[in-house]
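Mapped onto our numbering, the consecutive letters of the sequence shown carry residue numbers 1 to 105. Yeah, the Cβ is synthetic: ideal placement off N, Cα and C, and Gly gets one too.
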Amino acid sequence: MSTADLTVIGLGRAEASASGYIAEIQRRLRAQDRVRFVMHGMGTSLEGTTEDILAVVASLHRVPLDLGLPRAYSVLKLDERTDKPDQTLEDKVRSVERRLDADDG
1 MSTADLTVIG LGRAEASASG YIAEIQRRLR AQDRVRFVMH GMGTSLEGTT
51 EDILAVVASL HRVPLDLGLP RAYSVLKLDE RTDKPDQTLE DKVRSVERRL
101 DADDG
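Structure representation (structure tokens):
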């Protein structure tokens, strides 16, 4: 399993708000079942096979263009581990929380 963080930015729009095309990205994510996802304030975290993540990212990158914007810019961080192939996004968070709890103990 791989995890990723994706930010898609549509350029060339007159308004400052990005919520319109971000909502469309979330609609497309909800309509698919290839990857798990969690939206956050600066993008979307993805979880699945590398191949599935990349296929979904290719589709999501096009959303601003599909909505008429002249340019789409995407930032993808992709993490694939062979030593922990079943590690989830939640596992990563729990690992840090355990260390913090140990500091408090």
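Rounded to the nearest angstrom, the Cβ distance from Asp-86 to Met-1 is 6 angstroms, consistent with a contact under 8 angstroms. Under the three-state reduction of DSSP output, Leu-89 falls in the helix class.
If the five residues before and after Leu-29 are omitted, its C-beta is found closer than 6 angstroms to the C-beta atoms of Phe-37, all from its own chain and listed in chain order. The DSSP assignment places 36 to 40, 43 to 48 and 71 to 80 as complete runs of the beta strand (DSSP E) inside the stretch 23 to 87, in order along the chain (cut-off: 3 residues). Taking Ala-55 as the centre and dropping the five residues before and after it, the same chain places the C-beta of Arg-34 closer than 8 angstroms to its C-beta, in chain order.
Considering only His-40, Arg-13, Ala-18 and Gly-10, the residue with the shortest C-alpha distance to Leu-89 is His-40. Beta bridge pairing from DSSP links Ala-4 with Leu-46 and Leu-78.
In this structure, the straight-line span from the alpha carbon of Ala-4 to that of Asp-52 is close to 11 angstroms.
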